[in-house]
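Counting in the UniProt record's numbering, the sequence shown runs from 1 upward without gaps. Glycine included, each C-beta is placed from N, C-alpha and C at the ideal position. A short write-up of the structure that comes next.
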Amino acid sequence: MKNIILIINIALLLTSCGNDNKQSDAENEQPTQENTLTLTDEQYKNAAIETAKIFTSNISSVLRLNGKIDVPPQSLVSVSVPLGGYLKSTKLLPGMHIRKGDPLAVMEDIQYIQLQQDYLTTKAQLSLTESEYNRQKELNQSKATSDKVFEQARTNYQTQLVLLKSLEEKLKLIGLNPQRIRTGTISKSINIYSPISGFVSEVNVNIGKYVNPSDILFELVNPNDIHLKLTVFEKDINKLDVGQKLLAYSNNHPQTKYPLEVILISKNISGQNAAEVHCQFEQYDKNLLPGMFMNAEIEVSAHNANVLPEEAIVRFENKHYVFVEKGKQTFEMKEVQTGNAENNLVEIINAEQFDNENIVVKNAYTLLMALKNKAED
1 MKNIILIINI ALLLTSCGND NKQSDAENEQ PTQENTLTLT DEQYKNAAIE
51 TAKIFTSNIS SVLRLNGKID VPPQSLVSVS VPLGGYLKST KLLPGMHIRK
101 GDPLAVMEDI QYIQLQQDYL TTKAQLSLTE SEYNRQKELN QSKATSDKVF
151 EQARTNYQTQ LVLLKSLEEK LKLIGLNPQR IRTGTISKSI NIYSPISGFV
201 SEVNVNIGKY VNPSDILFEL VNPNDIHLKL TVFEKDINKL DVGQKLLAYS
251 NNHPQTKYPL EVILISKNIS GQNAAEVHCQ FEQYDKNLLP GMFMNAEIEV
301 SAHNANVLPE EAIVRFENKH YVFVEKGKQT FEMKEVQTGN AENNLVEIIN
351 AEQFDNENIV VKNAYTLLMA LKNKAED
C-alpha cells in the first residue's frame, strides 16, 4: 500500500514540474516589460515612426587595415660630407621644400685647403715629369740614354698622372670643380647641394658642429614616390589585387580620405602571419609625412545581404538593437548582430530572428529615449 501511495506522489510531482516548465517557457516567449514600450496616441503621432521589413541589397565587404607612410630607398636621401668638416652655415628646417641643386649648407675644414694644394702641386709635378718623360723618350730612341733611365721617367710620369686623376675625383666628391682651381683661388669652404627636389624631413646638425664622414647632416624626401605600407593578415591576402582602389585616413583627421591604389603585394609572410601591401597615393598632400600611421578601407567583394537602414539601428550599452512592432503602438527592443555597412545600409547577420516582422526604420532613437525614461520612472 505504501508503494502505491509513493508512486502516485511521484507522478503528481512530475506533472507539476512539467506544468511549471511549460509556464516558464511561455513566459520566456513573451517580451520582457523592460524592453517593451507602448505609446499613447499622441506619443505615436509625435514620434512619426515608420516601419519596414528586412530586405536584401547588394553590399560590399570592407577590409580594414592599418600601416604607415613609407618612402622607397631611391626617394629617401641621407646627406653627408665625404671628408667631414665644420658646419659654417645652413638655413634648413624640417618640412622646408627644396629643389634639386639648391644649396643646403656650407662646410669649412683645413683638409679642403690641403686637398686643393695637393691637386695644384701634383698638376705642376705632372707637367715636369711629362717633359722629362718626352725628353728621355727621344734620347732612348737615339740610344743616347739607357732603357732603365727611360723606364724610370715613364713610371714617374704615369704615377703623377694617376695621382692627379685621383685628386680630381676627390675634389668632385666634395663639390669642387678641378678645372676652376688655380693658384690663388683656393677656398677653405665647400657648398653642399641638394641632389633631389622634395622636402627636408630631418636636420641633425647645428652651426659650428664638426661632422664626420659617417654622420648624416640632413634627410631629404622626394614626395613623388611616397606610399602607404599596410599590414595584411595571411587569411586576407587573396582578397587583394594589384590595381585595387582604397581609401586611407589618419587617426587625427578621420574625415579626410586619401585615395590610393595597390601597387605591390609582398609574397613574404612574417612571423606574425602577415604580409606587406604597398599602395600609391593618387595625389600627394603636404600633410602626408613619412612614418605617419594611417588606417585604410578596401572594398574586397560585393554580395546580396539582409539589410536595414542605418537609422533603424540604435546603440545602447555597447550593443546594437532594433525596435520590433509587437502590436498596436507597442514595440520591443531586440538585440541585432550587424555586419558591413554601405550607402546608409547595414547588414543584419541574424536576420532569420526577425522573419516577416515590422521593424522601426525611422526615429528609432526616439523610442530608445522613451524606453530609458520609462525605466527611470
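Give me, in chain order, the residues of the same chain whose beta-carbon lies closer than 8 Å to that of residue i; leave out the 5 immediate sequence neighbours on both sides.
| i | result |
| --- | --- |
| Asp225 | Val71, Pro72, Gln74 and Ser75 |
| Leu240 | Leu63, Val232, Val262, Ile265, Val277, Ile298 and Val300 |
| Gln337 | His320, Ile348, Ile349 and Asn350 |
| Leu164 | Tyr119, Thr122, Lys123 and Leu126 |
Count the other C-beta atoms from every protein chain shown that fall within 10 angstroms of the C-beta of residue i, then say buried if there are 16 or more, exposed otherwise.
| i | result |
| --- | --- |
| residue 382 | As displayed, the chain neither begins before 1 nor continues past 377, which places residue 382 out of reach and without an answer. |
| Asn373 | exposed |
| Glu332 | buried |
| Tyr210 | exposed |
| Leu37 | buried |
| Ala26 | Because the pLDDT of Ala26 is 39, which lies under 50, any placement of that residue in the model is unreliable, and the number read from its coordinates should be weighed accordingly. Exposed, by the Cβ-count rule. |
| Tyr258 | buried |
| Gly184 | exposed |
| Leu93 | exposed |
| Ser194 | buried |
| Gln255 | exposed |
| Leu65 | buried |
| Leu173 | exposed |
CB-CB under 6 Å to residue i, same chain, minus the five flanking residues each way: which ones, in chain order?
| i | result |
| --- | --- |
| Ser24 | Reliability of the predicted coordinates at Ser24 is poor, the pLDDT of 42 falling under 50, and no value is obtained from them. |
| Ala302 | Asn58 and Ser60 |
| Asn212 | Gly84 |
| Val81 | Met107 and Val211 |
| Ala305 | Ile59 and Glu347 |
Considering only residues of the same chain and omitting the five flanking positions on each side of residue i, which have a CB-CB separation below 7 Å?
| i | result |
| --- | --- |
| Ile69 | Ile226, Leu228, Leu288, Leu289, Pro290, Gly291, Met292 and Met294 |
| Asp147 | Asn140 |
| Met96 | Phe199 and Val200 |
| Phe316 | Leu368 |
Is the shortest distance between the beta-carbon of residue i and the beta-carbons of chain D less than 9 Å?
| i | result |
| --- | --- |
| Val221 | You won't find chain D in this structure, because it holds only one protein chain. |
I'd like to confirm the pairing. Which residues does DSSP put opposite residue i in its beta bridges?
| i | result |
| --- | --- |
| Glu169 | Beta-bridge pairing links Glu169 to no other residue. |
| Gly198 | Ile98 |
| Leu106 | Per the sequence shown, residue 106 should be read as Val rather than Leu. Partner(s): Ser89 and Asn191. |
| Phe150 | Answer is none; Phe150 lacks a bridge partner. |
Mind checking whether residue i and residue j have CB atoms under 9 Å apart?
| i | j | result |
| --- | --- | --- |
| Tyr44 | Gln329 | yes |
| Leu220 | Val205 | no |
| Val361 | Thr40 | no |
| Gln125 | Gln160 | yes |
| Lys53 | Asn318 | no |
As an exercise, report each continuous beta strand (DSSP E) stretch of at least 3 residues that is fully enclosed by the region 31–96, in chain order. DSSP runs (the beta strand (DSSP E)) wholly in the region 31–96: 36–38, 50–52, 55–70, 76–79 and 85–90.
Enumerated in chain order, which unbroken segments of the beta strand (DSSP E) with a length of 3 residues or greater are wholly contained in the region 273–335? Complete beta strand (DSSP E) runs here, min 3: 274–281, 293–309, 314–316, 319–327 and 330–335.
Secondary structure, beta strand (DSSP E): runs of 3+ residues fully inside the region 347–373: Whole beta strand (DSSP E) segments, 3+ residues: 359–362.
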